[in-house]
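Report on the structure given below.
In full-length UniProt numbering, the protein residues as written are 1 to 896.
Below, the structure is given as structure tokens:
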């Protein structure tokens, strides 16, 4: 050792201990070695080998990713996983979504793309505020400490994010631009304030959207029984974009059912709103009312405006409240002294309080057109109202407009388009929407959120804060109680200000924005995260957008996705971006569920140590029957897993492979390490290691590799390996780009592993086909198990006397180009290697033509004619043959 040390010392600035470590390993026969570190290949892939592989490659892979991210290449690929709320601890759902995005990112990088795989924090919201109240902390301190903790956890998982693009929604350099976009909406007439009956959470003391209330009328977060309360709130007029958002879905690829969910939530956009000004005794009241019409082409035939008894005008601070209440007669339609001036037609009609408890959908104000509705006609007659007929029906059943000014004579369908278009141009309505869709209520009566950048002036009304004064930052409050009105109201020095317009006394808005506003545009900010002058440069957003693959939970497939799409459409109309749709492909992933045990009588969840598992059926230690179910992992249900503990036990690559193999992304995973999935991926890693070990050993036997010495049978075997390699490349590439069935991709790689494992020693010695197939196998494994594949590649590239130029390229495995199918294979007839199972047990494979590979009868016939079929099925009675629709597999169920 004393002799070696000086020779090594000049090589680097490493410590003496680090320099001596390889020597000490050589002198200790029981020590495990790592090839990349010592140049000595360990024969078996054991737990200690796995640990050393991941320790060695973890920092190198992450450093290389950051380096590659700076390289500019022709193609781009934007893979985005929904950013998390910084709770302080990762859960297995996080691990699943980020494993998927990381895998896609590595794959696309190997395909030559410049990959953007960013990460950030959805950092505002009630949980942090409530946690701060409970602990007597500042929510900012709490949030930042959680971010630090979760970032460290993400790093331990070896996830390659573009951390130089990190965004945090609670930082002023981010929410400045959330406020900027709000002001753009305000200036466009799409952000407005009105009184509304809202869902009020009495525990969290804030407003909830309808979607945040469960079917039992309880808050999604606190569990409290939600109350109805009348408050002045801020809204964003998303209904103006309902029809474009609905129509744009047609141009997007399939989203695993989410497109249908979006369409259903929007509803059929066959009607629109028209704006009216209310009057009493001919005097303007200052009230503007929007009323819905399911047949906007008949707007010149409106005889009255009808509102529900629950309408805000009867219950709030409206100037017409007392007039309406005097006229209201429960149980009947009530004609009032309030009239409504139609800003489109110029006609003035009376306001009627309906006897009905509800209109269609969420509507509370509708147009009454007696000439087109029997119900409206009945109301008009009962109240002695006049009306104008606006439709003329011809002998052939077609209808044209009459008594409708310049639209008279138009066919009904054409009039629909012309009237709604003109209403939009005049900005008095006309935007096609559905009766079931409401505008987006964004006000929240809490502290920890983006301040709404508006001041209220007695002379000027609501005035937007000038852009040069943004951001309106949150004031520091001495304490938070979580009770009463918006906490910002207590910051008197902050609330009292000057009006930007008249310079008179004014008060700041004390509501903050719903956190969905922050997350409606974060995908833009990732493209230009440090820009101090604007939310993002257009050329950068246009380069990266649309997001190529967006990955997240299905629970966000309605609200968040709708709001994000809305804001992108708006930004397109504002000239901020070129793309109207923000996301090209959407990949929703299912839950990871844990096994739960609860008492049948009380529903109380039990810990495993509170249960006796000695009998076939588990029972509680203190008595009582137990119900066993699979539910979303949760501390309260005692079925959660700490990702760091799981990684510590099995390793990063094993957890990644398990997550990808256990189920297709959109399906739930029932986490049970005793099932076939985990042992299966553990075995597969060992078999991959053994393939490299066998090749290295075969090339040490002394013979110089010479493909010409292979005999006919060996050449046929080599050709089969070549075919299987090309088939695997084609199938795996398709799964990675089209349907994201990583479990099917892994099955195909396992099939190729089986083929290579059965190869003879002479093939290992002399076959370039084996070498290239193994190289392709390792490269295709790399996005899913990057640490293991990196070490396998290092061992493969140092094999003695390599035959393939693939092994002479240089660089780590993730720097290699993704394998491509050989041209000769594409010219040959396409065949599929089909796995044959008998009573669920694998019995071998059969090659069948691709064109018949989905035909159960034809495949069954070909299998029966094959040597495997003749040997194993010829004398047996087949009850049923099941051909898998997703993977190349047929299962014969036979009598034993």
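Virtual Cβ for every residue (Gly too), placed ideally from N, Cα, C. These numbers come from a predicted model, not from an experiment.
When the Cα atoms are used, what is the spatial distance from residue i to residue j?
| i | j | result |
| --- | --- | --- |
| residue 287 | residue 511 | 22 Å |
| residue 135 | residue 424 | 51 Å |
| residue 505 | residue 390 | 51 Å |
| residue 405 | residue 396 | 24 Å |
| residue 462 | residue 179 | 15 Å |
| residue 682 | residue 660 | 13 Å |
| residue 772 | residue 709 | 18 Å |
| residue 161 | residue 142 | 24 Å |
| residue 524 | residue 415 | 39 Å |
| residue 24 | residue 38 | Legend: pLDDT at residue 24 = 38, less than 50; position of this residue unreliable, value from coordinates given subsequently. So the alpha carbons of these two residues sit roughly 11 Å apart. |
| residue 886 | residue 471 | 52 Å |
| residue 237 | residue 432 | 12 Å |
| residue 852 | residue 544 | 41 Å |
| residue 177 | residue 535 | 5 Å |
| residue 128 | residue 552 | 22 Å |
| residue 428 | residue 275 | 5 Å |
| residue 48 | residue 530 | 42 Å |
| residue 533 | residue 561 | 27 Å |
| residue 111 | residue 817 | 6 Å |
| residue 793 | residue 626 | 50 Å |
Would you call residue i buried or exposed, if buried means 16 or more other Cβ atoms sit within 10 Å of its Cβ?
| i | result |
| --- | --- |
| residue 730 | buried |
| residue 877 | exposed |
| residue 835 | buried |
| residue 328 | exposed |
| residue 602 | exposed |
| residue 703 | exposed |
| residue 502 | exposed |
| residue 52 | buried |
| residue 882 | exposed |
| residue 711 | exposed |
| residue 116 | buried |
Which one or two residues does DSSP pair with residue i in a beta bridge?
| i | result |
| --- | --- |
| residue 496 | 507 |
| residue 463 | 455 |
| residue 255 | Residue 255 is not bridged to any residue. |
| residue 304 | 368 |
| residue 272 | 293, 432 |
| residue 891 | 837, 882 |
| residue 350 | 339 |
| residue 644 | Residue 644 pairs with nothing; no bridge assigned. |
| residue 168 | 121 |
| residue 411 | 400 |
| residue 440 | 236 |
Using three-state DSSP, classify residue i as helix, strand or coil.
| i | result |
| --- | --- |
| residue 553 | strand |
| residue 543 | helix |
| residue 636 | helix |
| residue 527 | coil |
| residue 445 | coil |
| residue 612 | strand |
| residue 737 | helix |
| residue 876 | coil |
| residue 215 | coil |
| residue 624 | coil |
| residue 195 | strand |
| residue 201 | strand |
| residue 233 | strand |
| residue 536 | coil |
| residue 226 | coil |
| residue 9 | Low local confidence applies: a pLDDT of 31 at residue 9 is under 50, so the model's placement there is unreliable, and no value is given. |
| residue 513 | strand |
| residue 896 | coil |
| residue 899 | The structure shown does not extend to residue 899, since the chain is modelled only from 1 to 896, so the question has no answer here. |
Give a yes or no on whether the minimum CB-CB distance between residue i and chain C is below 8 Å.
| i | result |
| --- | --- |
| residue 760 | Going by chain labels, chain C is absent from the structure shown, which holds only one protein chain. |
Secondary structure, beta strand (DSSP E): runs of 3+ residues fully inside the segment 313-342: 334-342
Any chance you could list the beta strand (DSSP E) runs of at least 3 consecutive residues sitting entirely within the segment 802-864, in chain order? 831-838, 841-849
Fully enclosed by the segment 109-161, which alpha helix (DSSP H) runs are 4 residues long or longer? 126-135, 139-156
Threshold first: 3 residues or longer. Then list the beta strand (DSSP E) segments lying entirely within the segment 548-592, N to C. 583-589
Note down, one range per segment and in chain order, each alpha helix (DSSP H) of at least 4 residues found wholly within the segment 61-115. 92-110
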